[in-house]
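A.B. asks: I'd like to ask you about the structure that follows.
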Amino acid sequence: MELETKRLILSPWNESEAELMYQYAKDPAIGPIAGWPAHQSAEESLQIIRLFNTKDELYAIRMKPDGIPIGTIQLKLAGDSDLVSAADECELGYWLGKPYWGQGIMPEAAQELLRHAFEDCGMSRVWCGHYEGNLKSRRVMEKCGMHFRWKSEGVDVPLMHEKRDGYVFCIEKEEWESQKTK
Ligand SMILES: CC(C)(COP(=O)(O)OP(=O)(O)OC[C@H]1O[C@@H](n2cnc3c(N)ncnc32)[C@H](O)[C@@H]1OP(=O)(O)O)[C@@H](O)C(=O)NCCC(=O)NCCS
Numbered sequence: 003m004e005l006e007t008k009r010l011i012l013s014p015w016n017e018s019e020a021e022l023m024y025q026y027a028k029d030p031a032i033g034p035i036a037g038w039p040a041h042q043s044a045e046e047s048l049q050i051i052r053l054f055n056t057k058d059e060l061y062a063i064r065m066k067p068d069g070i071p072i073g074t075i076q077l078k079l080a081g082d083s084d085l086v087s088a089a090d091e092c093e094l095g096y097w098l099g100k101p102y103w104g105q106g107i108m109p110e111a112a113q114e115l116l117r118h119a120f121e122d123c124g125m126s127r128v129w130c131g132h133y134e135g136n137l138k139s140r141r142v143m144e145k146c147g148m149h150f151r152w153k154s155e156g157v158d159v160p161l162m163h164e165k166r167d168g169y170v171f172c173i174e175k176e177e178w179e180s181q182k183t184k
């Protein structure tokens, strides 16, 4: 599956791109705030790409025109997300290489994934969450028209072996449709 926006192509990671993933995923500014440890080696990134490729709806974010991967975005389906309890719901997750922050790239990718979720995948609600202090991610959700639902205190962050407060956002299909026409 391949999706496209003005500046981006969204398509699966290739195993040959482990080194490219590692150069961003080793940055401690990226994974830990999202709930996963910085990668320690390109070999670890390769294992993650192999895991990613077992998932439906997980995409490398690629810049046009060369298609170099700069981040990841996914719809976590039922079974892969604590927020999701129905087959027509999913959770948006994402990260972007630091050199590319601040250009509206993730809002552009996320808007396309919301379109895909509602129009192609038959979803009726998309969730997204961020941990305490991750205002950058909160801005992405706001820019995509998602609204704050609740704060969860002391949520387990299994890969980081700790608990944090989490902020849960969502958008429903009707809401997304009405925003689209505005
Ligand atoms: C969250 C993230 C995906 C945002 O992507 P992005 O494409 O930079 O998004 P935007 O360009 O819309 O910027 C979002 C906000 O980040 C902040 N920001 C932008 N560039 C920044 C930079 N270079 N340094 C620090 N903060 C920056 C700004 O507050 C911006 O909001 P504004 O546009 O209202 O000023 C990216 O910062 C990231 O990958 N962070 C680490 C992983 C992560 O947090 N994932 C989400 C887990 S819930």
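Mapping the sequence shown onto the working numbering, position 52 (from 1) lands on 54, and the numbers just tick up by one.
Here a beta-carbon is modelled for each residue, glycine too, at the ideal position from N, C-alpha and C.
Just so you know, these numbers come straight off a predicted model, no measurement behind them.
(1) Please report the Cβ distance between Tyr-96 and Leu-5, rounded to the nearest whole angstrom; I am assuming they are in contact, meaning their Cβ atoms lie under 8 Å.
(2) Per the DSSP calculation, Val-170 is bridged to which residue(s)?
(3) How big is the Cα-Cα spacing for Thr-56 and Val-170?
(4) For the structure I just gave you, are there three or more beta carbon pairs, one from the segment 44 to 53 and one from the segment 24 to 32, closer than 8 Å?
(5) Measuring CB to CB, does Ile-35 end up less than 7 Å from Asn-136?
(6) Mind checking whether the beta-carbon of Lys-8 lies closer than 6 Å to any heavy atom of ligand 1?
(7) Let me check you understand the geometry: is the CB of Pro-109 closer than 6 Å to at least one non-hydrogen atom of ligand 1?
(8) Would you mind working out which of Ser-139, Glu-174 and Ile-50 sits nearest Trp-103, comparing C-alpha positions?
(9) Please confirm whether any heavy atom of ligand 1 lies closer than 6 Å to the CB of Ile-50.
(10) For the structure I just gave you, are there three or more beta carbon pairs, one from the segment 151 to 167 and one from the segment 109 to 125, closer than 8 Å?
(11) I'd like to confirm the pairing. Which residues does DSSP put opposite Tyr-96 in its beta bridges?
(12) Do Gly-69 and Gly-99 have their C-beta atoms within less than 7 Å of each other?
(13) According to DSSP, simplified to helix, strand and coil, what is Met-143?
(14) Considering only residues of the same chain and omitting the five flanking positions on each side of Met-143, which have a CB-CB separation below 6 Å?
(15) Using the Cα positions of Ser-180 and Arg-64, report the straight-line distance between them to the nearest angstrom.
(16) Ser-47 lies in the alpha helix (DSSP H); which residues open and close that run?
C.D. replies: In this structure, then:
(1) Not a contact, Cβ separation roughly 13 Å.
(2) Gly-131 and Trp-152
(3) For Thr-56 and Val-170, the distance between alpha carbons rounds to 26 Å.
(4) yes
(5) yes
(6) no
(7) yes
(8) Ser-139
(9) no
(10) Counting C-beta pairs closer than 8 Å gives fewer than three between the segment 151 to 167 and the segment 109 to 125, which falls short of the contact rule.
(11) Tyr-96 pairs with Ile-75.
(12) no
(13) helix
(14) Cys-130 and Phe-171
(15) So the two alpha carbons sit approximately 29 Å from each other.
(16) 44 to 54
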